[in-house]
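As structure tokens, the structure follows; a few thoughts come after it.
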Amino acid sequence: MKELHSFGWYASKISPHLPKKAFKPVPARLLGGLAYLIITIGSMVAIGLFNLPFIVNLGLSLIIGASFASLGFLGHEILHGTVVRKAWLRNFLGGICFWPLVTGPKLWRKWHNMTHHVHTQDEENDPDTWLTKDKVDKSSVLKFIYRLPFSVRAFFEFLSLTFTFTLHSTRMFFIYVKEFKPKKQWSVWMQFILPWATWIGLMFFVGFSTWMFIFFVPLLIANAIVMGYISTNHRLNPQVPVNDPLANSLSVTVPKWVDVLHFNFSYHTEHHLFPSMSSKYYPMVKDHIKKNWPHLYHEMPMSSALKALWKTPRIYYKGKELIDPRDDMVYGSLGYGLDHEDIEPRSRMEETPTDKKKA
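Those letters in the sequence shown? Residues 0 to 358, per numbering that gives the first Met the number 0, in order.
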């Protein structure tokens, strides 16, 4: 077993080498959010008021969807307190940014900041980690699904990225709303209801066909973009007993202009080391990580990460491996045999009797 360290351990080694400004909020990030709001509203108005050709409406839907996703990335930053520090303003601005993705700011902070970040890739406590073989074996529905051919499952898993964020967010709401104090539950409920009421109400105002271009298609696009990152953040990494970001997180590389549009969301390992630091400074953090622990840092191009996701199953086996129960084939995870350029599974039959007993 590789030696694991907490995110605080790594942060303590890097922090002394970072400038003080890196630990202060960066309100200027809001200018990007304002630009996306103007683009979104302008595109919606154009679709609603003008009788535009189908292809133009579809193009505007793509722009709206991309703006929805980028607003979500900014909302993620805001709700970590890296843009503004006042709680009411943080929640207000974060709520606006997450409005298109119909996710409330209080839910997000509870689910993402206080649970996922604290228990990243913990088999039992991380709400975002994937299934284990034990859980699949206990569910007749899941066992049926995983009897389907690997390629069929991979196709539908990628197709599902167009709605997974919204679906998972709704599931998280019903899980975590009960954990808020009774006096605060009403505000969490309102933050869940109001975005849905707004978008559904808009459908009756502009008509169904226009609404499809203004909201529904953009929501699918935004889900796909957001989940393109989220699905690569941890799903190729092992489940770990210690919240070690260099073991349980992956940073992907994208063109520089994409990083600008997406507020450096690709720097995910860096984010888990310093979640309360503006992503503006993550390239600096990456340099220090690669200088100190180059053999532990996981990084690959986004295209390669998505390709690796396509070629590997989404069921954990013994924490550090992935397994396809249909063919009983085992794949490595990052740090434990997974090479995105050469993904070679092995049969579980190759295990020693001791290994099988442990499993």
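Think of the CB as a built atom: it goes at the ideal place given N, C-alpha and C, for glycine as much as any other residue. Owing to the predicted nature of the structure, the values given are computational and were not obtained by experimental measurement.
Backbone CA spacing between residue i and residue j [nearest angstrom]
i    : j    : result
S250 : G31  : 23 Å
G64  : V216 : 7 Å
K1   : L272 : 19 Å
I144 : W309 : 16 Å
K255 : K180 : 43 Å
P99  : A10  : 33 Å
M301 : A246 : 18 Å
G80  : A304 : 29 Å
V25  : L73  : 12 Å
S139 : L130 : 14 Å
L219 : S168 : 14 Å
P352 : Q120 : Low per-residue confidence applies at P352: pLDDT is 49, beneath 50, and the placement is therefore not dependable, though the value from the model is reported in the following sentence. When rounded, the distance between both Cα atoms is 27 Å.
Given residue i as reference, the closest of the options once Cα atoms are compared
i    : options                : result
R170 : E156, W110, S159, K183 : W110
M276 : K12, Y35, W8, I77      : I77
D323 : R89, M226, L141        : L141
Y296 : F22, V284, M211, F214  : V284
K279 : R345, P237, K20        : K20
V225 : H75, K177, N56         : H75
V205 : I46, K23, P24, K12     : I46
D125 : D258, S346, P240       : P240
L436 : H16, S248, R345, F264  : Given that the chain is displayed from residue 0 to residue 358, the structure contains no residue 436 and the question cannot be resolved.
S150 : V329, L333, R325, G334 : R325
A27  : Y315, P312, F262       : F262
D133 : G331, G334, D338, L321 : L321
Sheet register partners of residue i (DSSP bridge)
i    : result
G331 : E320
For residue i, the three-state DSSP class (helix, strand or coil)
i    : result
E2   : coil
L17  : coil
I342 : coil
P352 : Caution is warranted here: a pLDDT of 49 is assigned to P352, below 50, making its placement in the model unreliable, and no coordinate value can be reported.
M299 : strand
T161 : helix
S250 : strand
Within 7 Å, strictly: CB atoms of residue i and residue j
i    : j    : result
S66  : T102 : no
T268 : P244 : yes
L235 : A153 : no
F164 : N232 : no
T127 : H115 : The amino acid at residue 127 is misidentified as Thr; the sequence shows Asp. In this structure, H115 lies closer than 7 Å to D127 by Cβ.
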